[in-house]
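*Asks:* Residue numbers (the working numbering): 175 to 358. Just so it is clear, CB atoms sit at the ideal spot from N, CA and C, and this is done for glycine as well. Remember, it's a predicted structure, so these values are computed and weren't measured experimentally.
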Amino acid sequence: MIYLNTQSLQPATKALLFLLSGFCSTAMAANQGEGTVFIRGEVLYTPCAIDLDSRDQTIDMGETPVSEIAAKGYGPTRKFTVRLINCLLLPAPGQTQYESEYYQITFDPMAGNDRFSISGDAEGIELAIHDSEGHFAEPGIALPAREVTPGIMDLNYTLRLVSNGQPLKSGSYQTLIRFRMDYY
């Protein structure tokens, strides 16, 4: 380290050294708060957005007596809706009018299952889903295509508790069913 004997310096020189020391520390400090942020993304064209309240839903199936499922083969139904918002049809590149757009919805069961099965203490039951046209959803297979209309679209479905043919056992149950939208 080098020491400077300031007693032999003139007052003007001392003031100049003081000012220069301030510039040096500012120049050094300026680089200490810098960084780089890499941002990446993709703009996709989908005719509609899924309403946030429709993305993640919890449906309470209530309490069902085993005797009801044993007698009828099914239990209660619950309705649910997937709301599509901001549906907009755009013409293809180079076109002035849009062509019809279609969507398909697919319901996927919990990983590894080929049915809408449940987990928990209850046994002998599973879930069935059908749309407002009466089409039953098969796990992992898209329901029939329907046309996209501009604005808001409510896609209405019914969930039903059904017997899976195995012995019935009472208890609580839960499951996770994902859905995905495909447009073409």
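Measure from the alpha carbon of residue 353 to the alpha carbon of each residue in 269, 237, 308 and 278, then state which is nearest.
*Replies:* 278
*Asks:* Quick check: the Cα distance between residue 201 and residue 208, rounded to an integer number of angstroms?
*Replies:* Reliability fails at residue 201, whose pLDDT of 49 lies under 50, so the model's placement of it is uncertain and no value is given.
*Asks:* Which of the three DSSP states, helix, strand or coil, is assigned to residue 303?
*Replies:* Strand, per DSSP.
*Asks:* Going by DSSP in three states, residue 346 sits in which element: helix, strand or coil?
*Replies:* coil
*Asks:* Just to confirm my understanding: we take residue 235, look at its own chain, exclude 5 residues before and 5 after, and list those with CB closer than 7 Å. What are they?
*Replies:* Scanning its chain for C-beta atoms nearer than 7 Å, with the 5 sequence neighbours on each side dropped, one finds around residue 235 the residues 250, 252 and 335, in chain order.
*Asks:* Mind the definition here: the stretch 339-354 touches the stretch 262-282 only if three or more C-beta pairs lie below 8 Å; say whether that holds.
*Replies:* yes
*Asks:* Using DSSP with H/G/I as helix, E/B as strand and the rest coil, what is residue 242?
*Replies:* Helix, per DSSP.
*Asks:* Report all residues from its chain with a CB closer than 6 Å to the CB of residue 247; omit the five preceding and five following residues, and keep chain order.
*Replies:* 337
*Asks:* Would residue 272 count as contacting chain B if we go by Cβ distances under 8 Å?
*Replies:* Here there is only one protein chain, and chain B is not present.
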